[in-house]
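Numbering-wise (full-length UniProt numbering), the sequence shown opens with residue 1 and increments by one. Contents: one structure, followed by commentary.
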Amino acid sequence: MPSRDFKRTDRVGAELRRELGLLVHAAVRDHGLPLMSVSDVEVTRDLDWATVWITALQPERSAEAMKALKELAVEFRRELSRSMRLRRVPELRFKYDDSVDKGERIETLLRQEAARMPAADEDGEGDDEGEKG
């Protein structure tokens, strides 16, 4: 029997990501929450649990956003049971995805470091980025 390239958990996770993205967007609009989006959904093999990774546009308000989403989890699950064709919708666990925040922090540090370094290229010294050998 050939192996499947795309597991059922992956398909369910992708569908949950689409549906939850719409629900989170509506919750942001209706409840005045900070802007956020669903970055990923990981579903357990038995489809009992789904970990929903959330990114926030305003990281300083992420705690407020996560608290609100955890309170809305039961309502989201009820909506998902109406919109998805699953026997049993997984229980939702919301977690904050700080990878975007970390990436922005690294980029800021790199820019600060580049601004502090003396311009070695002006006197002909420095790395040979433009030359190919």
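We treat Cβ as the ideally placed atom computed from N, Cα and C, and that holds for glycine.
- The DSSP assignment places complete beta strand (DSSP E) segments of no fewer than 3 residues inside the segment 40-115 at 49-56, 91-96, in order along the chain.
- Taking the C-beta atoms as reference points, R17 is found nearer than 8 angstroms to D40.
- In this model, L20 and A26 are separated by some 10 angstroms (Cα to Cα).
- If you check the CB distance, D101 and P59 come in under 8 angstroms.
- D48 and E91 do touch by the CB rule: their CB atoms are close to 7 angstroms apart, below 8 angstroms.
- G32: not part of any alpha helix (DSSP H); DSSP gives it neither H nor E.
- Around the CB of G13, 16 or more other CB atoms lie within 10 Å, so the residue is classed as buried.
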